[in-house]
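Read the structure below first, then the notes.
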Amino acid sequence: MGSPKNVYFAITATIIGFMVAVQFQTVSEPNVRDTRDTWELRQDLMEEKKIQSQLLQEIRSNEEKLVKYETERQQSRAEVLRDTLSELKAEAGLTAVSGPGIVLVLRPYLDEFGQGETTTYVSPYLLKRLLNELYLNGALHVSIDGQRVINTTVIREISRMTKIDGHSLNKFPLEIKVIAATQQEAEKLFNRIQGSTIVEDFFIDNLQVEIEKPGDDIEVPAYQDPIRIRYMEPAESGKGGGE
Amino acid sequence: MWLPLMGLVIGVIIGLLTDIRIPEEYANYLSIAILAALDTLFGGIRAQLQNIYDEKVFVSGFFFNILLAASLAFLGVHLGVDLYLAAVFAFGVRLFQNIAVIRRILLAKWSSNGEKEKKNDIF
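Protein chains in written order, with this note's numbering: chain A, 634 to 876; chain B, 904 to 1026.
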């Protein structure tokens, strides 16, 4: 036998021996005989059962936590939605609001003899101008004769009768309640309206505007009818002023 | 003659000392590979005794058979057919044949040696 042959043989044999050893170790590993008697088995079983119950408890507590988190998450989401909804409702005028503000009273003008035209008409244009003036000077919420003025409110004349959202304004004195953001704002509004020419414009129509001093707690009722939106569509985000 | 045996012993010792364990799932492949390697080894010994030994054939056969057997087992596992049984059968049969041939050759050598010695004694 030449030596290179033997070397090849030896290398091959080494590899085979290595493989056999590895295989032997792998396969023969779990061959441990179970020599426990019934009593020992019972004890082991008890321990395993204890471990099992512990694990079950852990699983249960974890699941409870999971459920709690889930409900919290949902509730918080609902909470946010509810908050947003109430904010939007307040903004749209669907809630009654109270706060610092002023009250304007429109009544027919009577001269010193107690005479005057007993008018039951107030021009819608004048009313609109008054509203614009009020909003310009910091009014937040306005109601005219118990009718809340919102974004879609219409003031118009229908057969010589001025109507606000279908409610006729023909019983004088008319009370216009205005709420401003703060007491200071309310006073500013009071002063501005007093100095405004709008009072004189009303006078031309035989109407007297009494402006009551700013009060702390003026109440403006909620808008009563459902708001119908017919010609508005949600803007696509990215096109308008969205994102 | 002692070198291959020493190699075998060294391989076993290395394997036992390194404490390598392959995952249970691959034990099948290794067993097949061992079978193929043993087959090649005995084939080599037989060829050696028949004086038709070729290094290239031996070495290439060694690795090729191992790879073939392992891949056959792999394919069998993935096809759901116990293809490794085919390898076991083929290598097993060849192993026995090789060992039988080796035994006969050795027997023949031994008996002829004995006869020679006898003849030497006579003459």
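All C-beta atoms in this analysis are idealised placements derived from N, C-alpha and C, irrespective of residue type, glycine included. Nothing here was measured: the structure is a model prediction, and the numbers come from that model.
Continuous alpha helix (DSSP H) stretch holding residue i: start and end
i: Asp942/B; result: Ala930 to Gln953
i: Pro757/A; result: Pro757 to Leu769
i: Pro907/B; result: Trp905 to Thr921
Neighbouring residues, chain A, relative to residue i (Cβ below 7 Å)
i: Glu928/B; result: What Glu928/B touches in chain A: nothing, since even the nearest Cβ is about 10 Å away.
i: Phe961/B; result: Tyr641
i: Ile925/B; result: Val655 and Thr659
i: Phe1030/B; result: Since the first residue shown for chain B is 904 and the last is 1026, residue 1030/B is missing from the structure and cannot be characterised.
i: Ala993/B; result: Residues of chain A passing the Cβ test: none, with the nearest at roughly 18 Å.
i: Leu998/B; result: Within 7 Å Cβ-Cβ: nothing; Leu998/B doesn't reach chain A, min ~13 Å.
i: Leu971/B; result: What Leu971/B touches in chain A: nothing, since even the nearest Cβ is about 15 Å away.
i: Leu975/B; result: Within 7 Å Cβ-Cβ: nothing; Leu975/B doesn't reach chain A, min ~17 Å.
Chain A contact residues for residue i, given Cβ-Cβ distances below 8 Å
i: Ala936/B; result: Met652
i: Val912/B; result: Gly650
i: Ile915/B; result: Note on identity: in this sequence residue 915/B is Val, with Ile being the wrong assignment. Those are Gly650, Phe651, Val653 and Ala654, listed as they occur along chain A.
i: Ile940/B; result: It is Ala, not Ile, that sits at residue 940/B in the sequence shown. Neighbours of Ala940/B on chain A, chain order: Thr645, Ile648, Ile649 and Met652.
i: Leu933/B; result: Met652, Val655, Gln656 and Thr659
i: Gly983/B; result: Correct list: empty, because the minimum Cβ distance to chain A is about 23 Å.
Residue i vs residue j beta-carbon contact at 8 Å
i: Lys810/A; j: Val736/A; result: yes
i: Gln827/A; j: Ile844/A; result: yes
i: Tyr742/A; j: Phe836/A; result: yes
i: Ala940/B; j: Phe965/B; result: yes
i: Val915/B; j: Ala654/A; result: yes
i: Leu822/A; j: Leu739/A; result: no
i: Leu986/B; j: Leu975/B; result: yes
i: Ile925/B; j: Leu933/B; result: yes
i: Thr659/A; j: Ala930/B; result: yes
i: Ile831/A; j: Glu766/A; result: yes
i: Phe945/B; j: Ile1008/B; result: no
i: Asp942/B; j: Phe994/B; result: yes
i: Gly726/A; j: Gly848/A; result: no
i: Val600/A; j: Ile812/A; result: With chain A running from 634 to 876 in the structure shown, residue 600/A is simply not present.
i: Leu714/A; j: Asp838/A; result: no
i: Ala989/B; j: Ile935/B; result: no
i: Pro757/A; j: Thr795/A; result: yes
i: Arg666/A; j: Asp677/A; result: no
i: Gly650/A; j: Gly910/B; result: yes
i: Ala814/A; j: Leu773/A; result: yes
Chain-ordered chain A contacts of residue i [CB-CB under 9 Å]
i: Tyr987/B; result: Result: empty, since nearest Cβ-Cβ is about 14 Å, beyond 9 Å.
i: Leu944/B; result: Phe642, Thr645, Ala646 and Ile649
i: Leu1009/B; result: In chain order: nothing, as chain A lies at least about 15 Å away.
i: Leu952/B; result: What Leu952/B touches in chain A: nothing, since even the nearest Cβ is about 10 Å away.
i: Gly918/B; result: Gly650, Phe651, Met652, Val653, Ala654, Val655, Gln656, Phe657 and Gln658
Cβ of residue i within 8 Å of any chain D Cβ
i: Asn639/A; result: Chain labels in this structure do not include chain D; the protein chains are A and B.
Residues bridged to residue i [DSSP beta-bridge criterion]
i: Ser963/B; result: Bridge partners of Ser963/B: none, in fact.
i: Ile812/A; result: Gly734/A and His774/A
i: Ser801/A; result: Lys796/A
i: Asp782/A; result: Looking at the sequence itself, residue 782/A is Val, so the reference to Asp does not match. Val775/A, per the DSSP bridge assignment.
i: Pro741/A; result: Leu840/A
i: Leu807/A; result: Leu739/A
i: Ile788/A; result: Ile797/A
Bounding residues of the beta strand (DSSP E) (the contiguous stretch that carries residue i)
i: Ser792/A; result: Here Ser792/A belongs to no beta strand (DSSP E), and DSSP marks it neither H nor E.
i: Ile844/A; result: Leu840 to Ile844
i: Glu852/A; result: Gly848 to Val853
i: Val713/A; result: Run containing Val713/A: none in the beta strand (DSSP E); it sits in the alpha helix (DSSP H), Thr671 to Ala725.
Within chain B, the residues that residue i reaches when beta carbons sit closer than 7 Å
i: Val660/A; result: Ala930
Residue i: CB within 7 Å of a non-hydrogen atom of the ligand ATP
i: Ile791/A; result: The ligand ATP is not among the ligands present in this structure, which contains no ligands whatsoever.
Per-residue contacts from residue i into chain B (C-beta, under 8 Å)
i: Gln690/A; result: The contacting residues do not exist; Gln690/A stays about 32 Å from chain B at best.
Given 8 Å as the limit, is there contact between the stretch 993-1002 of chain B and the stretch 674-684 of chain A, that is, 3 or more CB pairs closer than that? Under the Cβ criterion (8 Å, minimum of three pairs), the stretch 993-1002 of chain B does not count as touching the stretch 674-684 of chain A.
Touching or not, the stretch 802-822 of chain A and the stretch 913-927 of chain B, by the rule of three or more beta carbon pairs under 8 Å? no
Validate contact between the stretch 780-787 of chain A and the stretch 699-717 of chain A using beta carbons, cut 8 Å, 3 pairs: With the cut-off at 8 Å, the stretch 780-787 of chain A and the stretch 699-717 of chain A do not touch.
Tell me, please, whether the stretch 949-961 of chain B touches the stretch 637-646 of chain A by the rule of three or more beta-carbon pairs shorter than 8 Å. yes
Should the stretch 769-781 of chain A be regarded as contacting the stretch 852-864 of chain A, the criterion being three or more beta carbon pairs within less than 8 Å? yes
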